[in-house]
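See below for the structure under consideration.
Chains as they are written, first to last, in full-length UniProt numbering: chain E, 1 to 703; chain B, 1 to 283.
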């Protein structure tokens, strides 16, 4: 129906979710199912000399699986460096060593405590710097340096010589957790045909299917993985969480199984955001043009690669920010340490480097006596410009428009008439790539069929993880077909019913599956014209790639979404408390299909970024996490979050489905440096570390 | 865990006499957390939340008497408490979150005896005492003596805390309460501080100051209080007097804050409190 796209439509699954009818992965209970409990490492780094399960021998209705039960005991999206169950060595606290299955959750927990693992502790590698030292213990046989990425453009040294202002500093960011409402969860069973079924909270059922087939030696066609309603993913459910353990238990016993991580397991042992140490040097001309970016970037990927190399890639790609910079020199290092594997998390490597660069830019604005918005307007990318890695901006680029909207916002105007010396205003700009990137398969195939009841059924292989993509697809289909939303049914993320369209990640889903969907609708219309009564259309799409530049590891990307965000804070100089009073967030994501959904994504991203700025961290001492539950790992509550006003730049991305670009992650990228800048308007204390330390603010003595 | 529900206070005390090691469950906001984390595992608990005779707020002969089962939210909203002990209402309003305040009780907060307990400094400066009742009789204990260490009280097996009471604040008295936590709700105090003072033309005639989370039990800043007596709230010396008030405390470093920061914050919160008193006396 015309006018469906561009309207704030309530989510098509909202009623089911708010009334409790929608089933999440942790809501499934199957007759006679086993409850699984993982036996996890109590050491950060150790040799495993023995896994003693003898206490469980002779007990009925209990099963235990160890490394020897896994035919191919290694998995990973990029490198197969992680064992399903640790064998001779554990490399992080909480690493799974055995799976215990019993008739109830209580029994599974009890029995799991009877499994005795004997460890010989090894020296723990705590930080990337330590990992790279010669005498550091080698976490993997190939060494602790998983990836080094170097990039150079222009001549940064001679450009610095000619620069009017040079600023440099080192910034650090912590390990943080996704903290989705629903922890990692799933169930498994064998159907009548003997097919192994997994229903799980996952961002990529097709990857799960492949990995289960590979690790357990099960033919792919005997495995069906589908997604339940998912209580949040944010990147943390892209990879193996529960899937391989469920498959192992059900395949070995023939019985249904359920595995749900408790919150403590999810916090301590699931995928994390990379901690980082970023050194940046920026050069500026007298007019405030950025002449040079130099960066040395160390990302801590924890014990296993997971998506780490790709995360480092995006960290590097976004390091210099959304600006025109002629001279660029970047070295990125990805190091193994004895921490939980760091992998995808909303923003995917960009928030770490953005914190460094945007903070330095705000310091430069002060020194150059330029408004921070003006400084960015002078340097902002525009359509046709060249990005820091030499990539062309051949898509919609609405950064300058976003900055202008921000400049005109009441929040930023208020800054010009300050009336409270304890209140400060700060801003930052950012971007995030859409799609998998150069050289990495990025395509989708979608089916749409008119059913006898008059409903059009859309089948899409990507996943609804709470981002609202199913509603966007229903809108696109309804608009393209000229029918009402009620006539569209969307099925997503099922290896038996949909085509493999890759991971629900990389801010790609609405774009790539949307394009495939519109192509499928066109195909269906052709068949309808040919007189087909129940026409079925199939459509495919491939993500565009940059032609001119190829830097390996997926760099660069062909498309970005842009933001400009401002924060207003009140600082208590005596106690160091920072109260976030207001946020204004502008986004350019092409045509907005559902303004309300976009607003939700941006507000959620800002909330996550505010936690990153002010509260959240997991610290480690000798490989043991210090924050092990939600009373010590502190997320912002509703009382800690301000009014978050959003605005959009009206753009149209020619290559996107009805003009859209991805916007799931970008909202979380730069609110931390905006908050830091706002604090710095109150006190000029250099803040180089997240989360922002109250003790540091309280200890600051005005000169 | 067996849960037993006594029908009235008498029955609860008799049952408790028979099984003095049983747990007592009121709002459950502490007990259930400890139970889940395996810190405690009582085979039997008496759930007393339904005992209406322990849920009251009464004004009696110049004292405010509060039943142990009054929730933090009820105290925060109570007009009587707001009139006679506004600093207690303020303390209660900062406990946990609305959900926790609707469930957690004042008696529970005292018996839990956390060094960070949010109501305790307020009740200490109010000179509160508690009534401990058993099948054999009852005794009254000053709150200062009731809590002896982290999680430790003088409550004997078989005894139940059945009331907390304190003198209503006089017209000449003003109070202040401040909690410093890592976030706006669901936060364990880094430092909390309560003070009550008698003012005469903005001069401090008498003052008592208590703070939590800076020692094994609530710490009263007696030396600082003595130094403040006789000073006007308008004097510029106030800051010098309070800036090192933290020296009277004995904080530790933990996951929430360092020892040094806590000590520094004692002085800062006290200074904030004195500024607040000044505004109150002016208004």
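Glycine included, C-beta positions come from ideal geometry on N, C-alpha and C.
Predicted, not measured: the structure shown is a model, and the values here were computed from it.
Not a single C-beta of chain B is nearer than 8 angstroms to the C-beta of residue 68(E).
About 7 angstroms separates the Cβ atoms of residue 174(E) and residue 618(E), confirming a contact at the 8 angstroms cut-off. For residue 265(B), the nearest CB of chain E lies under 8 angstroms from its own CB, placing it at the interface with that chain.
In terms of beta-carbon proximity, residue 698(E) lines the interface with chain B, with at least one pair separated by less than 8 angstroms. When DSSP states are grouped into helix, strand and coil, residue 276(B) belongs to the helix group. Shown here, residue 370(E) sits in coil according to DSSP, grouped into three states, outside any helix or strand.
Between residue 212(E) and residue 243(E), the CB-CB gap stays under 8 angstroms. For residue 29(B), no alpha helix (DSSP H) encloses it, and the DSSP letter there is neither H nor E. DSSP links residue 279(E) through a beta bridge to 170(E) and 296(E). Proximity of residue 695(E) to chain B, defined by a Cβ-Cβ separation below 8 angstroms, is satisfied. Following the DSSP letters along the chain, one finds residue 421(E) in no alpha helix (DSSP H), marked with neither H nor E.
Where residue 159(B) is concerned, there is no enclosing alpha helix (DSSP H), because DSSP gives it neither an H nor an E. Identification of residues in the stretch 570 to 596 of chain E having a C-beta nearer than 7 angstroms to some C-beta of chain B yields 574 and 575, given in sequence order. By the CB criterion at 8 angstroms, residue 44(B) and residue 106(B) fall outside the cutoff. If you ignore the 5 residues before and after residue 105(E), its C-beta comes within less than 6 angstroms of the C-beta of 35, all in its own chain and listed in chain order. Nearest in C-alpha terms to residue 278(E), of all of 286(E), 288(E) and 300(E), is 300(E). Judged by beta-carbon spacing, residue 698(E) lies within the 8 angstroms limit of residue 261(B), meaning their Cβ atoms are closer than that value.
Per DSSP, residue 403(E) lies in no beta strand (DSSP E); the unbroken alpha helix (DSSP H) holding it starts and ends at 399 to 408. Residue 626(E) reaches chain B at 255, counting residues in chain order whose Cβ is nearer than 9 angstroms.
Under the 10 Å beta carbon count, residue 384(E) is surrounded by fewer than 16 other beta carbons and is classified as exposed. Around the Cβ of residue 47(E), a 10 Å sphere holds fewer than 16 other Cβ atoms; the residue is exposed. Residue contact check for residue 177(B) against chain E: no CB pair falls below 8 angstroms.
Runs of the alpha helix (DSSP H) lying entirely within the stretch 103 to 146 of chain B, each at least 4 residues long, are 106 to 112, 120 to 125 and 143 to 146 in chain order. For residue 258(E), DSSP records a beta bridge to 35(E) and 187(E). The criterion of a C-beta distance shorter than 8 angstroms is not satisfied by residue 639(E) and residue 225(B). By the criterion of a C-beta distance shorter than 7 angstroms, residue 184(E) is surrounded in its chain by 201, 237, 241, 242, 261, 266 and 270, once the five residues flanking it on both sides are discounted. Contact with chain E is absent for residue 213(B), since none of that chain's Cβ atoms lies less than 8 angstroms from the residue's Cβ. For a Cβ distance threshold of 9 angstroms, nothing in chain E lies close to residue 237(B): the least Cβ distance comes to about 18 angstroms. The residue from 6(B), 11(B), 22(B) and 210(B) with its alpha-carbon nearest to that of residue 156(B) is 22(B). According to the DSSP assignment, residue 58(B) belongs to no alpha helix (DSSP H) but to the beta strand (DSSP E) extending over 57 to 60. Leaving aside the five residues that flank residue 520(E) on each side, the residues in its chain whose CB is nearer than 7 angstroms to its CB run, in chain order, 446, 447, 448, 537, 538 and 539. With fewer than 16 other beta carbons inside 10 angstroms of its own, residue 252(B) counts as exposed. Neighbours of residue 268(B) across chain E, judged by C-beta separation under 7 angstroms: 574 and 575.
Using a Cβ-Cβ cut-off of 7 angstroms, residue 634(E) is close to 182 and 183 of chain B, given in chain order. Across the structure, residue 641(E) and residue 607(E) are spaced so that their CA atoms are roughly 7 angstroms apart.
For residue 161(E), the closest Cβ of chain B is not nearer than 8 angstroms.
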